[in-house]
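Everything on this sheet refers to the single structure shown next.
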Amino acid sequence: MAEVRLEATQGDITRQRVDAIVNAANSSLLGGGGVDGAIHRAAGRELLEACRQLGGCPTGEARATAGFRLPARWVIHTVGPVWSGGKRGEPELLASCYRRSLEVADELGIRSVAFPAISTGAYGFPGQLAAEIAVNTVRSANTEVELVRLVAFDAETFVLYRKALDNRS
Ligand code: AR6
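When you line the sequence shown up against the numbering used here, it's residues 29 to 197, in that order.
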């Protein structure tokens with residue numbers, strides 16, 4: 029299996045032309061602020077209806093819906109951990125979000141996926157550690173996905189991605 033092509037960009041995830049974009053949701057899957065709000069606004073009301081059918085999602089897990097009015101055909105909703113100091117399994121749960129999202133992508137035959145910086149906004153996960161977990165988890169994933177794009181909304185997150193990508197471990 030070829031290694032995933034992993035890249036970082038700065039921008040709005042709702043504009044990405046990939047097979048699937050990942051949503052940093054909460055366990056209700058019924059919408060919220062941040063990237064979740066932006067994705068629901070761009071996809072339209074049908075996304076909320078589709079999410080209702082899913083009946084929620086546990087932290088560290090992922091569920092797919094259609095993308096409706098988004099350029100992306102699919103949305104993979106994942107629920108990141110709320111940061112509470114790092115000793116409650118937060119790093120492992122964040123890694124699980126990336127791994128499970130790629131597994132869901134594989135089940136749907138998806139070849140390109142864009143991720144936001146899961147948990148680093150309202151959920152307070154430290155940005156540098158989150159960037160390292162994103163890069164290391166995607167690099168070590170056993171997946172048929174060919175392209176993973178890490179989408180930073182702000183310049184600071186983009187720099188953290190660049191550094192994590194340069195650090196080949
Ligand atoms: N494109 C890409 N990234 C974005 C966008 C966008 N349009 N908008 C924000 N971000 P957050 P969390 C970045 O708070 O920490 C929601 O209410 C943002 O700058 O969206 O996982 C959910 O419903 C940050 O780097 O998600 C949950 O209740 C990153 O996305 C809760 O927030 C994640 O910030 C989840 O919190």
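Glycine is no exception: its CB is placed at the ideal position from the N, C-alpha and C atoms.
Return the bridge partner residues of histidine 105 from the DSSP annotation.
Asn51, Arg91
My output table needs one value for phenylalanine 186: the three-state DSSP class, helix, strand or coil.
helix
Check whether the region 116–127 and the region 81–89 touch, using three or more Cβ-Cβ pairs below 8 Å as the test.
yes
Determine which residues share a DSSP beta bridge with serine 140 and list them.
Leu175
Does ligand 1 have even one heavy atom less than 8 Å from the beta-carbon of serine 63?
According to the sequence displayed, residue 63 carries valine and not serine. Flag set: Cβ of valine 63 near ligand 1.
Using CA coordinates, which residue listed in Arg167, His105, Arg45 is at the minimum distance from alanine 78?
His105
Give me, in chain order, the residues of the same chain whose beta-carbon lies closer than 8 Å to that of alanine 150; leave out the 5 immediate sequence neighbours on both sides.
The answer, listed in chain order, is Gly60, Gly61, Gly62.
DSSP three-state call for alanine 159: helix, strand or coil?
helix
Answer with buried or exposed for glycine 124, where buried requires no fewer than 16 other C-beta atoms within 10 angstroms of its C-beta.
Looking at the sequence provided, one finds serine at residue 124 rather than glycine. Counting Cβ neighbours within 10 Å, serine 124 comes out buried, since at least 16 surround it.
Enumerate in chain order the residues of its own chain whose CB-to-CB distance from leucine 98 is below 8 Å, with the five nearest sequence positions on each side excluded.
Thr42, Ile49, Ile67, Ala70, Ala71
Around the C-beta of serine 129, are 16 or more other C-beta atoms found within 10 angstroms, so that it is buried, or is it exposed?
buried
So does serine 147 have its beta carbon nearer than 8 Å to some heavy atom of ligand 1?
yes
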